[in-house]
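Each residue of the sequence shown is one higher than the one before, starting from 1 at the first, in full-length UniProt numbering.
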Amino acid sequence: MEAKDPSPRSSDAKSLANEDDVNCFDWLVEFEEMSDLVAEAAEISHVPAMVSALVLGAGTSALSEALVNEGIVKSVLSLDVEQHCIDFMAQKHKDDDRLRWAVADVTDWHAVEAATQGQRFDMVVDKGTLDALLCAGDCAAYLGTVARAARCGGVLVLSMNFELVSSHLSEVLEWYHHEACPFLSADREKSIREAFASKVGSNMAAAQSDEVSSCAGERLSLRQTYDLLFTPEEKSCYSYEFFLQDTDASRQMREFDESMSLAESLTFLRINQ
1 MEAKDPSPRS SDAKSLANED DVNCFDWLVE FEEMSDLVAE AAEISHVPAM
51 VSALVLGAGT SALSEALVNE GIVKSVLSLD VEQHCIDFMA QKHKDDDRLR
101 WAVADVTDWH AVEAATQGQR FDMVVDKGTL DALLCAGDCA AYLGTVARAA
151 RCGGVLVLSM NFELVSSHLS EVLEWYHHEA CPFLSADREK SIREAFASKV
201 GSNMAAAQSD EVSSCAGERL SLRQTYDLLF TPEEKSCYSY EFFLQDTDAS
251 RQMREFDESM SLAESLTFLR INQ
């Protein structure tokens, strides 16, 4: 895919000859060609009802308007790095309070956070922006934006050349979660080690008082392990039931089915981050 435009973070800006010649344009595909995908994504989401959507690299596409007109969501915030695109679309839809428009570089989370005012969205839609970023852009930062902007249980809808980006996307995600922004940071591991030792000590003391039954050795029950490893916010997205499913998938690494050691707990986080 060629990316001759000097600002590839706008999926549609490459169609514009200059700032005085702005027209509506849909890059890659029109909404009708992806409407079934969008509707299916809304159905499989884990939010009670689709209310809000964030469109990344909106350009001058009709996508944002279609999302509300087709009843997919009730409101849309559209972001693009090109000021003249946003000005054009904001003026075009000035009487439609379902649609909001803001200038932001989707690879700059601080800019996106300012534009969204901390809002989290039921659906995040990208029609061609990731494709463009593969040519010249910060894909890891873009994925960080998606992860932060989506509501827990929400969905991401991507329209892209899947064969072109799938392997690169996997590499970027691997790098982002294991190097750029690891789930198990040094500080977090230190905190877990301290909390684990404290909890094991409490269990042993309680067992000596016949208040609870002790796990073999320095181990915690799966429930205790889950409570210790994850923050309240993380638990709201990652339930104890999901944790049990993941531990079942990693059963070969544990000696006892109903407990985990500190080493096993840390290994579990490293594997699943």
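Heads up, the beta-carbon is just placed ideally off N, CA and C, and yes, glycines get one too.
So, are the CB atoms of Val55 and Leu77 less than 9 Å apart?
-> In this structure, Leu77 lies closer than 9 Å to Val55 by Cβ.
Kindly indicate which residue of Glu189, Ala102 and Glu43 has the alpha-carbon position closest to the one of Val155.
-> Looking only at Glu189, Ala102 and Glu43, the smallest Cα-Cα distance to Val155 is reached by Glu43.
Arg148: first and last residue of the uninterrupted alpha helix (DSSP H) it sits in | Unbroken alpha helix (DSSP H) run through Arg148: Cys139 to Ala149.
Comparing alpha-carbon positions, which option in Pro182, Arg219 and Ala147 lies nearest Arg193?
-> For the set Pro182, Arg219 and Ala147, the Cα lying nearest the Cα of Arg193 is the one of Arg219.
So, is Lys94 buried or exposed, given that buried needs 16 or more other C-beta atoms within 10 angstroms?
-> Result: exposed.
Pull up the distance between the alpha-carbon of Phe268 and that of Pro182, whole angstroms please.
-> Near 14 Å, if we compare the C-alpha coordinates of Pro182 and Phe268.
Name, in chain order, the residues that DSSP records as bridge partners for Arg100.
-> Partner(s): Leu77.
For Phe121 versus Ser202, is the C-beta distance shorter than 9 Å?
-> No. Outside cutoff.
Please confirm if the stretch 136–155 is in contact with the stretch 182–191, defined as three or more CB-CB distances below 8 Å between the two stretches.
-> Between the stretch 136–155 and the stretch 182–191 there are fewer than three C-beta pairs closer than 8 Å, too few to call the two in contact.
For Ala186, does the three-state DSSP call read helix, strand or coil?
-> Looking at Ala186 - three-state DSSP - the assignment turns out to be helix.
Specify the secondary structure class of Met123 as computed by DSSP and reduced to three states.
-> Strand, per DSSP.
Check whether Gln117 and Val103 have beta carbons under 9 Å apart = Their beta carbons are not under 9 Å apart, which means Gln117 does not touch Val103 by this criterion.
Can the beta-carbon of Ala60 be found less than 9 Å from the beta-carbon of Trp109?
-> Note that residue 60 corresponds to Thr in the displayed sequence, not to Ala. Between Thr60 and Trp109, the C-beta spacing is not below 9 Å.
When the Cα of residue 310 is compared with those of Ala90, Ala58 and Leu143, which residue comes out closest?
-> The requested residue 310 is not part of the displayed model; the chain covers only 1 to 273.
In or out: Asp97 buried (at least 16 other Cβ within 10 Å) or exposed?
-> So Asp97 counts as exposed.
Which residue's Cα is closest to the Cα of Val47: Glu32, Gln273, Ser236 and Met260?
-> Ranking Glu32, Gln273, Ser236 and Met260 by Cα distance to Val47 puts Ser236 first.
Of the listed residues Asp131, Gly71, Arg148 and Ala41, nearest to Ala114 (C-alpha basis) = Checked all of Asp131, Gly71, Arg148 and Ala41; the closest Cα to Ala114 is Arg148.
Thinking just about the alpha-carbon of each residue, which of Ala49, Met50, Ile72 and Ser45 is nearest to the one in Met34?
-> Residue nearest to Met34 within the set Ala49, Met50, Ile72 and Ser45 is Ile72 (criterion: CA-CA distance).
Identify which residue in Glu189, Ala140 and Tyr240 has its Cα closest to the Cα of Glu171.
-> Closest by alpha carbon: Ala140.
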